[in-house]
Every structure is written in structure tokens, then in C-alpha cells.
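To get my numbering, take the position in the sequence shown, counting from 1, and add 4.
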Amino acid sequence: MVIEEFRNIRIAYMRRTGEYGIRNKELMETFKAYLRDRNLLSADNTILGIALDDPDSVEKENLRYDVGLVMTGNENIGLDVRKIPDGMYSVFEIPHTAEAVSEFWSNLSSLLGKLPVDRSKPVVERYNAAKISNHLCEFCIPLK
5 MVIEEFRNIR IAYMRRTGEY GIRNKELMET FKAYLRDRNL LSADNTILGI
55 ALDDPDSVEK ENLRYDVGLV MTGNENIGLD VRKIPDGMYS VFEIPHTAEA
105 VSEFWSNLSS LLGKLPVDRS KPVVERYNAA KISNHLCEFC IPLK
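Okay, structure coming up:
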């Protein structure tokens with residue numbers, strides 16, 4: 005785990021609303037196909053997955069999930085653009101498998117220890133080609 009500052013990160017994104025799970029993965033695949041079709045998917049890209057709502061406090065049909073491409077300039081990707089909340093994030097690198105992700109979420113409180121989590125901001129999943137090629141992904145937990 006490392007602490008990293010997020011500052012002025014903008015993404016071009018797609019959003020889905022509904023229960024989290026397999027449909028989030030489908031949105032990710034749709035998003036990557038959209039980028040590929042426009043020759044926008046490269047080894048330099050970073051893609052974020054963002055669960056915007058807490059499933060313990062929002063009805064499952066109203067849960068929002070964004071998948072977005074981190075913008076490096078003023079690219080016109082043909083999608084809505086939004087900013088990721090600035091601040092400090094605790095970044096965990098984990099294996100990119102369903103089992104490892106599930107285990108991460110199950111053990112999150114013990115992994116965080118006494119770190120001051122900012123529950124007003126969403127957790128950010130971060131995927132870049134270098135990590136994915138090594139079967140890794142990152143989870144970025146916002147801190148106060």
C-alpha cells in the first residue's frame with residue numbers, strides 16, 4: 005500500500021445504473037470496445053472504474069458505476085467528461101482476479117487499519133496496461 009495524491013484527474017466516461025456485479029464488467033468491456041473502435045485504446049491509457057454509491061445505503065436498482073479513460077489533454081472522445089475528487093488516496097495493488105478482489109473487499113477494514121477513510125468520496129479502481137499485463141489492478145481508497 006502507498007499513499008498517493010490525486011490532483012486534476014479528468015475522465016471521459018460511460019455510466020450504468022443498477023445492481024453492481026457482472027454488469028459492471030460488461031460496461032468495462034463495452035467501454036474498451038468503444039475506445040478500440042476509435043483507435044483510442046493504447047498501452048499508455050489508464051482506465052478507472054468507480055462505484056459511486058454504497059450498496060448498503062442505496063437501492064440496488066439505483067447504484068451508479070462509471071468507467072472512464074483518464075484524459076491527458078483536451079481529447080475529444082465523444083463522451084461525457086468529469087473530474088475525480090482531488091485528495092490523498094491509499095493505493096492497494098492486488099491480483100486482477102475475482103477471488104482477490106472479493107478478498108480485498110472482505111479484508112478492507114483490517115488493511116486500512118487506522119487510516120482516516122473519506123466516505124464522502126468513491127473508491128476508484130485503476131487499470132493500466134502495465135499492471136494488467138502482470139495480472140494486477142489497483143484500488144484507491146480516499147482519505148481525509
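For each residue, glycine too, the CB sits at the ideal point set by N, CA and C.
* Asked: Along the chain, which unbroken stretches of the alpha helix (DSSP H) at least 4 residues long are found entirely within the segment 64-102?
  -> none
* DSSP-derived helix/strand/coil call for TYR38 -> helix
* Asked: Less than 7 Å separating the beta-carbons of LEU52 and ARG123?
  -> no
* **ALA55 beta carbon less than 7 Å from that of TYR69** => yes
* To do: Please say whether GLU107 and LEU140 have beta carbons closer to each other than 7 Å?
  => no
* In whole angstroms, what is the alpha-carbon distance linking VAL121 and ARG14? -> 22 Å
* **Which listed residue (CYS144, LEU115, VAL127 and VAL71) has its alpha carbon closest to that of LEU31** => VAL71
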